[in-house]
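A.B. asks:
There are 2 protein chains.
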Amino acid sequence: MPTGHDAQVRALPVSPSTGALRPLDLHEVRVTGGFWSDFQQLNATVMIRHAEDWMERVGWIGNFDAAVEGRLPADRQGREFADSDVYKLMEAMAWEIGRTGDAELEARFQALVDRIEPVQEEDGYLNTHFGRPGQQPRYSDMEWGHELYCFGHLIQAGVARGRTHGRDRFVEIAIRAADHVCETFGPDGLDTICGHPEIEPALAELARYTGERKYLDQARLFVERRGHGRLGEIWFGPEYFQEDVPVREAEVLRGHAVRALYLAAGAIDVAVETGDEELIGAVTRQMSRTVARRTYLTGGMGAHHEGEAFGDDFELPSDRAYSETCAGVGAAMVGERLLLATGDPVHADLVERVLLNVVATSPSEDGHGFFYTNTLHQREPGTTAATDEVAARAASSLRAPWFAVSCCPTNVARTVASFGTYVATADDDGVQLQQLATAEVRTTLPDGCPVALDVETDYPHDGRVRVTVREDATRPWTLRVRVPGWATAGAVLRVDGEETTVLPGYAEVRRAFRAGDVVELDLPVRARWTWADPRVDAVRGQVAVERGPLVMALESTDLGEDVNLAAVDVEAAPVERDGQVLVRVRTAAPTERDWPFPAEPAHPDTVADAGLVPLVPYHRWGNRGPSTMRVWIPQA
Amino acid sequence: MPTGHDAQVRALPVSPSTGALRPLDLHEVRVTGGFWSDFQQLNATVMIRHAEDWMERVGWIGNFDAAVEGRLPADRQGREFADSDVYKLMEAMAWEIGRTGDAELEARFQALVDRIEPVQEEDGYLNTHFGRPGQQPRYSDMEWGHELYCFGHLIQAGVARGRTHGRDRFVEIAIRAADHVCETFGPDGLDTICGHPEIEPALAELARYTGERKYLDQARLFVERRGHGRLGEIWFGPEYFQEDVPVREAEVLRGHAVRALYLAAGAIDVAVETGDEELIGAVTRQMSRTVARRTYLTGGMGAHHEGEAFGDDFELPSDRAYSETCAGVGAAMVGERLLLATGDPVHADLVERVLLNVVATSPSEDGHGFFYTNTLHQREPGTTAATDEVAARAASSLRAPWFAVSCCPTNVARTVASFGTYVATADDDGVQLQQLATAEVRTTLPDGCPVALDVETDYPHDGRVRVTVREDATRPWTLRVRVPGWATAGAVLRVDGEETTVLPGYAEVRRAFRAGDVVELDLPVRARWTWADPRVDAVRGQVAVERGPLVMALESTDLGEDVNLAAVDVEAAPVERDGQVLVRVRTAAPTERDWPFPAEPAHPDTVADAGLVPLVPYHRWGNRGPSTMRVWIPQA
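So the sequence lines, in the order shown, correspond to chains A and B.
Quick note on numbering: the first sequence equals residues 545 to 1180 in this note's numbering.
Quick note on numbering: the second sequence equals residues 545 to 1180 in this note's numbering.
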């Protein structure tokens, strides 16, 4: 396989050996302040521990002890895929240890390795739910068993560990598992796939990490096998696990959103490493149509609660938005991979949108509760979840401390811990700032030219991004700062007192930079109205407010009454005052009818001017107790 | 129990012993022509046979043979509730035999009895899925086992048979099963309930049929036990099977729509027979709020695919309408019961709406395919189902010959076969025509005054209802003809050449009728626009067309292109021409965007006048091949 980039040792979740851009790793980018630093701090001090504590409490970590002590299946806790959440926690820990060197966290990580290691069988198989007397046989339920899905998360955690620490016991566990998968499912082995994609990007990344081609070949085999009907019939139909159409023939993402996105990520990895232009083209087109027609304003994906699935084109109901947090993580994974492969910053726009409006929405402000789904319209006030109970369902009305299926909290944790790897990319010509965050960027261009940048910004709340060069260049290079797609007018680049208007894409400065050079980008983060394509029937006659990259929401907490009959006056622009975004709201008294479909247009009898009402960033809604909320608001 | 009405022998699915109105039975009302006669003919000649053939083919009837031959559980086919569909088929057969005396059908009915009878165990238990070696024990899975649900349908079929034929072998099977249920779940027995209500209305009806109080007491016990958390936790939450709130404390129907409606039906039966005003008041209020806030224009109920459930108030997305056919049957059951209990014709309006726009929508024109769900907006052309394959899913995009869960076809069959019992009611003062159909009505008022009416009408297509009296009255009595709620203006009653304007409710004529008297009602069935409460976000800015009781739909088959970007001009009223309803449609060329949420209102670039386009009655859509369809159409 090609080795243009040094994929092995770089502290990255995704480290392609080739492609338009090379991502800067955790050692090259340190997030030092602002929004993302605060989020990483919450993750480090609360969320990771919270997930670990809950998985001890509900026995998912204990499943490994039960395996060692011969107490399975009697004592098995959780769903068939419970092992995977332990691995995702460990991946989060690995990134966090890599980021900060936290010794106490390192000890906890090792304690988990101690409990997992003895469960791995002689041939590399490792799963607490299958294969023992009284359990189903290995690989007897490819549709729902999630065994390869669990291995995928184990391998991703192993790669994270290897790249941040070096090859150790845990990395060996992951490699033994991957070897087992290759032996079992190779060209001469079981000719099938897992109902939940995830092994594909994991094996591709392990190939990058180890330099061993066989993992890539296996990932490719899994990608190519899918879509030919190898899995059995299920209630949700074959598109649920993308078994309806081969990956390279599909036109759009469909079925279970997280499955579709993980598969797309793996397909891109395989395509990049094998130079398969057809495949990367196919996935790019699928993703483009998905973004253009099957994505919520928040970047959320998945319009159906049933099957946690994509709906048809433009079927994007606000009140039934499933928009699973994990699909946000999956969209960021796919967006980042397409950015690296193509260099097109539109993919970084998607990453920004989902990180700030889906992934960041999931945790509560205190880090002890999570949204699983992310509705855009809460019709009835939710109930605050008990802080000491597992929520049975993926409810959209409340953040809950833990779920019976609890994929989201650990997915958020691993994403936030590795956020630094989304910040900047490089190519031979220079460095690109992709996600705008206060950070120290230190790297070296391929010819040895050093790059040292300090980025300061209050983004996403403020539009000023100030980049200070800290080291003299040995030759001219190009600094690019992404201008997000929403900044269609008013973005200004300032260099040496000279201002240039810049458009979405990259703002560029090319020169032999000297220490002390300052480049400033001013993005117009003023609140603005956003409309919808008329085919999005669900929000016809409605308007949303965005401010910079943040989607805003009207919450009953601020309105002082239920939002269901609120409307906004769009004659004037939204007002910004004292750090708040306000819109003029009119509220109507409901006309109560025995039948809701009258023979005349239903103009409300009474409309009251509720005055200027503050909106909240969508990712912060629901933090002040039960409320009703809407992102899309009818026009008055 | 009270015996004001003669409940035992009357050929009725629901025959209350008391209440405002007494329903006329199959022997008192003969449907002789028009829409419903055609539908009954299709049912008799195709649908019943179709269901029987499919249940032979997929082995659901064969399960009874397998039980006799000791081949269970190995040879068991279908879901845990497969027995129930055989019983629903037999109920349909019983009504059909009662209606027509079809000897060949009688022989097929007896053949089924021959196969079922030996499966019943000594103590009355009868189920092909539980209790044998290798099967789960009886009543070990009250959440999902459906054992009492199956008994409920067996008992309803038994009552249908008893009332149309007399007490025979099959009726005895049903009674033995009911006795077993009373013994097992009585006050001193298992203190639990079934995850799927149905036993409640069945036992109440058996009490009415046999005159035995114990069945009513048991039904009441089941109603009162529900809502206290006796069933275990499930993914969908306790509201799924109405275990969240006791029946008499609930404010609205919620959870699984069919479960909620069957339970409401049983609660009304219990309340009526026990004189429980509080309970009947509670269910009436729940149903009123459900109709006012949780019901589609079609009368369809259930906004969520997930859990086949009611959504929140006003959450009525067209494209995700689940609106299960069986929920339509359930709504008709509840509406009819409330009509009989209260006399309020608004409940007959609901029955009319769901029969014509949900139940009648399910079967294809040839009777060999069925909708399980009834969407109000088809975004992508469905695929025509293979005529020889079981559909795995309750797809909304196609009518399929049979489903893995196939509750709907038999439910339609039993409802259509017993349609005559919805047509007319009586009280001491006279007769009420509730469902407008060509029919012969022959009954006797309590004091012996004979009533003989011939009703002629092309309703729902035409608004003229002509009632000819065929027998002299012995005293003055009141003929009431229901004026549907939609006929808010222009309904005219004509008697002896004199015209009176009548309003929704009942048009009344009181006199000592003479043979040859004619009463004519003219209903204004002209096509009209219908709007929605502004809280129904899903259809904001849209309008529907109704014609008389029929909801109309715009189908791509008529438009000649996809309906997703169609809009209607509402300046003028819909046009009626040559028996068609036409509206002026404008179609827009889609503006393709990379991101569907622009910064400016998305006015289409090109709007074309598609001219006057015919609409189809919603219940007939999808009969001309794959199409896109919408009931609610954006206003141009």
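In this text, a Cβ means the ideal position worked out from N, Cα and C, and glycines have one as well.
Owing to the predicted nature of the structure, the values given are computational and were not obtained by experimental measurement.
#1: Might you give, ordered along the chain, the residues of its own chain that have their beta carbon closer than 6 Å to the beta carbon of A:Gly-879, omitting 5 neighbours on each side?
#2: Look at B:Ala-1059 and B:Val-1027 and say whether their C-beta atoms are less than 7 Å apart.
#3: Tell me B:Phe-714's beta-bridge partners as DSSP assigns them.
#4: Residues of the region 1133-1145 of chain A in Cβ contact with chain B at a cutoff of 8 Å, in chain order, please.
#5: Does the ligand GTP have even one heavy atom less than 6 Å from the beta-carbon of A:Val-1119?
#6: Out of B:Phe-858, B:Arg-838, B:Ser-962, B:Ala-853, which has the shortest C-alpha to C-alpha gap to B:Leu-899?
#7: Start and end of the beta strand (DSSP E) containing B:Gln-976?
#8: Go ahead and label B:Arg-620 buried or exposed: buried means 16 or more other beta carbons lie within 10 angstroms of its beta carbon, across all protein chains shown.
#9: Just reading off the alpha helix (DSSP H) that A:Trp-598 is part of, what are its end residues?
#10: If you pair each beta-carbon of the region 567-580 of chain A with each one of the region 980-993 of chain A, do three or more pairs fall below 8 Å?
#11: By a C-beta neighbour count over all protein chains shown, 10 Å radius and 16 as the cutoff for buried, is B:Thr-1018 buried or exposed?
#12: Does A:His-891 come out as helix, strand or coil in the three-state DSSP assignment?
#13: With which residues is A:Met-1173 paired in a DSSP beta bridge?
#14: For the region 973-1052 of chain B, list the beta strand (DSSP E) runs that are entirely contained and at least 3 residues long, ordered along the chain.
#15: Taking Cβ to Cβ, would you say B:Val-975 is nearer than 7 Å to B:Val-995?
#16: How about the region 719-726 of chain A and the region 667-681 of chain A: do they share at least three Cβ pairs that are nearer than 8 Å?
#17: With burial defined as no fewer than 16 other Cβ atoms inside 10 Å of the residue's Cβ, what is the status of A:Thr-1172: buried or exposed?
#18: Going straight from the alpha carbon of B:Ala-555 to that of B:Leu-570, what length do you get?
#19: Would you please verify whether the beta carbon of A:Ala-1180 is less than 7 Å from any beta carbon of chain B?
#20: Please report whether the beta-carbon of B:Ala-1082 lies at a distance below 7 Å from any beta-carbon of chain A.
#21: Are any of the Cβ atoms in chain B nearer than 7 Å to that of A:His-849?
#22: Compute the distance between the beta-carbons of B:Trp-1176 and B:Ser-867, then report whether it is under 7 Å.
#23: With distances taken Cα to Cα, identify the nearest neighbour of B:Ala-1076 among B:Ala-871, B:Arg-837, B:Ala-865, B:Thr-1032.
#24: From A:Val-553 to B:Met-845, what does the alpha carbon distance come to, in whole angstroms?
#25: Smallest Cα separation from A:Pro-745: which of A:Ala-815, A:Val-835, A:Leu-1103?
#26: In chain order, what residues of the same chain lie with their CB nearer than 7 Å to the CB of A:Val-1095, ignoring the 5 residues before and after it?
#27: Can you give the Cα-Cα distance for B:Thr-547 and A:Pro-945, rounded to whole angstroms?
#28: What residue does the alpha helix (DSSP H) around B:Leu-760 start on, and which one ends it?
#29: How about the region 784-791 of chain A and the region 762-773 of chain A: do they share at least three Cβ pairs that are nearer than 8 Å?
#30: Just list the residues that DSSP pairs B:Arg-1072 with in beta bridges.
#31: Taking 6 Å as the limit between beta carbons, can you name the residues of its chain near A:Thr-708, skipping five residues before and five after?
#32: How would you write the range of the alpha helix (DSSP H) that A:Thr-818 sits in, first residue to last?
#33: Establish whether the CB of B:Ala-1076 and some CB of chain A are separated by less than 7 Å.
#34: Just confirm the distance between the C-beta atoms of B:Pro-1078 and A:Ala-1082, as a whole number of angstroms; I'd bet it's less than 8 Å.
#35: So with Cβ pairs under 7 Å, would you call B:Pro-861 a contact of chain A?
#36: In angstroms with no decimal places, state the Cα-to-Cα distance between B:Val-1107 and B:Ser-832.
C.D. replies: Reading off the structure:
#1: His-891, Leu-894, Val-895
#2: no
#3: B:Phe-714 pairs with nothing; no bridge assigned.
#4: Pro-1134, Thr-1135, Glu-1136, Arg-1137, Asp-1138, Trp-1139, Pro-1140, Phe-1141, Pro-1142, Ala-1143, Glu-1144, Pro-1145
#5: The ligand content of the structure shown is nil, which means the ligand GTP is not present either.
#6: B:Ser-962
#7: 974-977
#8: buried
#9: 592-601
#10: yes
#11: exposed
#12: helix
#13: A:Gln-922, A:Glu-1099
#14: 974-977, 982-988, 994-1001, 1008-1013, 1021-1027, 1035-1039, 1042-1046
#15: yes
#16: yes
#17: buried
#18: 5 Å
#19: no
#20: yes
#21: yes
#22: no
#23: B:Arg-837
#24: 58 Å
#25: A:Ala-815
#26: Leu-841, Thr-842, Asn-901, Ala-1088, Tyr-1162, Val-1175
#27: Reliability fails at B:Thr-547, whose pLDDT of 39 lies under 50, so the model's placement of it is uncertain and the value that follows must be treated cautiously. Distance between the alpha carbons of B:Thr-547 and A:Pro-945: 56 Å.
#28: 757-769
#29: yes
#30: B:Glu-1090
#31: Ala-555, Ala-638, Gly-642
#32: 801-818
#33: yes
#34: That pair is no contact at about 14 Å.
#35: yes
#36: 33 Å
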